[in-house]
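A.B. asks: Residue numbers (the numbering used here), protein chains in the order written: chain A, 43 to 372; chain B, 43 to 372. The structure is given below, and queries will be raised subsequently.
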């Protein structure tokens, strides 16, 4: 995230120099993830939406938008702390996950505290309606996360593509696109367009599917995560669900057998073989095409919503940025 | 909690009849702990404080106080879900802990969602200043929880009584007494007395120490929890810390050896022996006396704060209830 957002985030958090050593550790844990430097995709989208709606830099509206953007970054960070526990991830942004550094109990507690500081940032923004947006955002995200976790726990692979899309809309699209677009409008004192929801759901799905494709077929250096990591983690993706419906029965069986194992018990050689099958199937191209169509649909809806935008140039920039995100290489 | 609070809490939560089976499970998980029927100690204190400050039933002020009380119950419940994971507790209110029923990942997520619904209740109350109280409450509680968890993780027993009291003030006293007293005043549109903080810290400490005593020396039927459970869980209490400073070295050594083991590895026979040593020592009486003095101090401060209260009778009732809590048998 941009440095002026990071300083706002850190300004809300407890002082890491204060109190007994345990409390200095606590304060350090709250600052850890925000300082690891995420891309700030959601906060930038929120700020871009505020500009489209006529908010100009160095005005009170811009200050409010920055607080909302800081709140969105705090959201992202507390959710990541808890997600990393829920998925038992090893790494986050190139360093060990917080619970791998401090244990699960302290990391749950740090995520809870960061969650509360998110509300402090929302409160600080003083934007009418913003609190309802954050409530709605968490409502959707928690539902999507529940679906995803249920399927992992029950080792369910008998899912339709529509199931995956429902999960991604709830878990990713609202907090990545729909709500940032809406918050930008609210920061400007404007009423969010009703088109933001269908546009954001389509663009959010495109964004997530693109991420799934990159995880399987991307350039490891540009992408910055382990290629094929989703396979090892047993993540449901559009690619895998499409492939399962078309793959030869013996490949399917090998796949389901591996997915029935815990991550450390999976056989790297067999996983590499499955990885190759997936790449050689038409399923990556299918997912790409689906993501492309969703991106086009989302951008068209957005263009309609921005037709009478106060700042037409900013609207063009926002849409170019969204297009880039949905077709990105990393 | 009283039934009108429970219905307010449930009215905010997602419908358990709606959507696919996974989402019905999700909605059911959010409702589970609130429906298990806690005592509602904090919400009753908040409502009592509102009455002391002149709020009368069936007025808008009373409605606001009820929403704040519902928020306090939601706080208690999401914190318990996460605490039970952090302590790996087996039971909560006579039934298996939520993560024992559904696994850790889903339970973390359900706690997070319930946390957000707490803010929805705060928002609904529409009481100026209430949001800051909740932020402050979580700030203290998370710090106290961090201290407690650190000591467990590092198997630290070289703690002074002052360390324990600092932890209990942060972890328990703010959310149990200080903040409910303050929220009651705010619901009445009054400025909370500055005496509420020292009074609440003293009474909160008395309340927790009383709980520690009951856990060790209470009547199992009345108390409703396993007597000696704190010992098996390795909880730091004023009793144990006092005893460690006075016990014969060989008893100390047996104790520390057992506390170095995980719960399932502890020897029930040895734990029973330690339990007896603790009961036979002067440490229970020491803790009782300390709690009694704290309760007296807290009540005296409260009497001062309520001197010019709009409702003197309600003030008397609140203080009688506080006295009862600090000397309760269960």
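Where is the CB? At the ideal position from N, CA and C, for every residue including glycine.
Below 7 Å between beta carbons is the criterion; list the residues of the region 109 to 143 of chain B that meet it against any residue of chain A, in chain order.
C.D. replies: Residues passing the 7 Å Cβ filter: 124, 127, 128.
A.B. asks: At a CB distance below 7 Å, what residues from the region 147 to 173 of chain A approach chain B? Give them in sequence order.
C.D. replies: Per Cβ criterion, the list reads 147, 148, 150, 151, 154, 155, 157, 158, 161, 162, 165, 173.
A.B. asks: Cβ of residue 221 of chain A less than 8 Å from any chain B Cβ?
C.D. replies: No, residue 221 of chain A does not count as interfacial toward chain B.
A.B. asks: Could you tell me which uninterrupted alpha helix (DSSP H) segments, each at least 4 residues in length, are contained entirely in the region 177 to 226 of chain B, listed from first to last along the chain?
C.D. replies: The qualifying runs are 203 to 210.
A.B. asks: Show which residues of chain B have a CB atom less than 8 Å away from the CB atom of residue 195 of chain A.
C.D. replies: Per Cβ cutoff of 8 Å: 145, 147, 148.
A.B. asks: Using a Cβ cut-off of 8 Å (strictly closer), state whether residue 281 of chain A contacts chain B.
C.D. replies: No, because no Cβ of chain B sits closer than 8 Å to the Cβ of residue 281 of chain A.
A.B. asks: Identify, in the order they occur along the chain, each residue of the same chain with its Cβ nearer than 7 Å to the Cβ of residue 259 of chain B, setting aside the five sequence neighbours on each side.
C.D. replies: Excluding residues within five positions, the ones whose Cβ falls inside 7 Å are 321, 326.
A.B. asks: Is there a Cβ from chain A that is less than 8 Å from the Cβ of residue 68 of chain B?
C.D. replies: Chain A contact via Cβ: present.
A.B. asks: With residue 162 of chain B and residue 177 of chain A assumed to form a contact (beta carbons below 8 Å), what rounded beta-carbon distance in angstroms separates them?
C.D. replies: Their Cβ separation, rounded to whole angstroms, is 5 Å, which keeps residue 162 of chain B and residue 177 of chain A in contact under 8 Å.
A.B. asks: Residue 89 of chain A to residue 111 of chain A, Cα distance in whole Å?
C.D. replies: Cα to Cα, residue 89 of chain A sits roughly 7 Å from residue 111 of chain A.
A.B. asks: Skipping 5 residues on each side, what residues in its chain have a beta carbon closer than 8 Å to that of residue 346 of chain B?
C.D. replies: Taken in chain order, the residues that qualify are 237.
A.B. asks: Please state if the CB of residue 249 of chain B and the CB of residue 116 of chain B are separated by a distance shorter than 8 Å.
C.D. replies: Contact: no.
A.B. asks: DSSP beta-bridge partners for residue 133 of chain B?
C.D. replies: For residue 133 of chain B, which the question treats as bridged, DSSP gives the partners B:138.
A.B. asks: Please tell me whether residue 211 of chain B and residue 245 of chain B are closer than 8 Å, where the distance is taken between their beta carbons.
C.D. replies: No, the pair does not count as a contact, with Cβ atoms beyond the cut-off.
A.B. asks: Hey, out of A:356, A:202, A:172, whose CA is closest to residue 114 of chain A's CA?
C.D. replies: It is A:172 whose Cα lies nearest to the Cα of residue 114 of chain A.
A.B. asks: Quick check for students: name the residue ranges of the alpha helix (DSSP H) that lie wholly in the region 230 to 290 of chain A, counting only runs of 4 or more.
C.D. replies: The qualifying runs are 238 to 259, 262 to 265, 271 to 275, 280 to 286.
A.B. asks: Once DSSP output is grouped into helix, strand and coil, what is the label at residue 116 of chain B?
C.D. replies: If DSSP states are grouped into helix, strand and coil, residue 116 of chain B belongs with the helices.
A.B. asks: Do residue 305 of chain A and residue 275 of chain A come within 8 Å of each other at the CB atom, strictly closer than that value?
C.D. replies: Against a cut-off of 8 Å, the Cβ pair of residue 305 of chain A and residue 275 of chain A comes out as a contact.
A.B. asks: Quick one: residues in its chain with C-beta nearer than 6 Å to the C-beta of residue 186 of chain B, no 5 flanking neighbours on either side, listed in chain order?
C.D. replies: 209, 212, 213.
A.B. asks: Does residue 184 of chain B come within less than 8 Å of chain A when only Cβ atoms are used?
C.D. replies: Chain A, which has a Cβ nearer than 8 Å to the Cβ of residue 184 of chain B, makes this yes.
A.B. asks: Can you tell which of A:55, A:95, A:83, A:58 has the C-alpha that lies nearest to the C-alpha of residue 356 of chain A?
C.D. replies: Minimum Cα distance to residue 356 of chain A is reached at A:95.
A.B. asks: Considering Cα atoms alone, identify which of B:296, B:198, B:69, B:54 is closest to residue 279 of chain B.
C.D. replies: Measuring from the Cα of residue 279 of chain B, the nearest candidate turns out to be B:198.
A.B. asks: Is residue 123 of chain A closer than 8 Å to residue 149 of chain A when the C-beta atoms are compared?
C.D. replies: Yes, they are a contact pair.
A.B. asks: Among the candidates A:46, A:360, A:354, A:370, whose CA atom is the shortest distance from the CA of residue 87 of chain A?
C.D. replies: Out of A:46, A:360, A:354, A:370, A:360 has the C-alpha closest to the C-alpha of residue 87 of chain A.
A.B. asks: Compare the C-beta of residue 175 of chain B with all C-beta atoms of chain A and state if any pair is closer than 8 Å.
C.D. replies: Not one chain A Cβ lies under 8 Å of residue 175 of chain B.
A.B. asks: Can you look up residue 302 of chain A in the DSSP assignment and give me helix, strand or coil?
C.D. replies: Coil.
A.B. asks: Pull up the distance between the alpha-carbon of residue 315 of chain B and that of residue 70 of chain A, whole angstroms please.
C.D. replies: Between residue 315 of chain B and residue 70 of chain A, the C-alpha separation is close to 41 Å.
A.B. asks: So that I know if they touch, is there some Cβ in chain B lying closer than 8 Å to that of residue 275 of chain A?
C.D. replies: No, because no Cβ of chain B sits closer than 8 Å to the Cβ of residue 275 of chain A.
A.B. asks: Output yes or no for whether 8 Å exceeds the beta carbon distance between residue 141 of chain B and residue 64 of chain A.
C.D. replies: Against a cut-off of 8 Å, the Cβ pair of residue 64 of chain A and residue 141 of chain B comes out as no contact.
A.B. asks: By a C-beta neighbour count over all protein chains shown, 10 Å radius and 16 as the cutoff for buried, is residue 151 of chain B buried or exposed?
C.D. replies: By the 10 Å Cβ count, residue 151 of chain B comes out buried.
A.B. asks: Where do the ends of the alpha helix (DSSP H) carrying residue 366 of chain A lie?
C.D. replies: First-last of the alpha helix (DSSP H) with residue 366 of chain A: 354 to 368.
A.B. asks: Would you check if the distance between the CB atom of residue 91 of chain B and the CB atom of residue 222 of chain B is smaller than 8 Å?
C.D. replies: Taking 8 Å as the Cβ cut-off, residue 91 of chain B and residue 222 of chain B qualify as a contacting pair.
A.B. asks: Roughly how many angstroms lie between the CA atoms of residue 311 of chain A and residue 282 of chain A, to the nearest whole one?
C.D. replies: Answer to the nearest angstrom: the Cα atoms are 18 Å apart.
A.B. asks: Using a Cβ cut-off of 7 Å, which residues of the region 53 to 64 of chain A contact any Cβ in chain B, in chain order?
C.D. replies: Result list: 64.
A.B. asks: Hey, would you say residue 155 of chain B sits closer than 8 Å to residue 72 of chain B, going by beta carbons?
C.D. replies: Yes, Cβ-Cβ distance for residue 155 of chain B and residue 72 of chain B is below 8 Å.
A.B. asks: Can you tell which of B:285, B:170, B:273 has the C-alpha that lies nearest to the C-alpha of residue 233 of chain B?
C.D. replies: That would be B:170, whose Cα lies nearest to the Cα of residue 233 of chain B.
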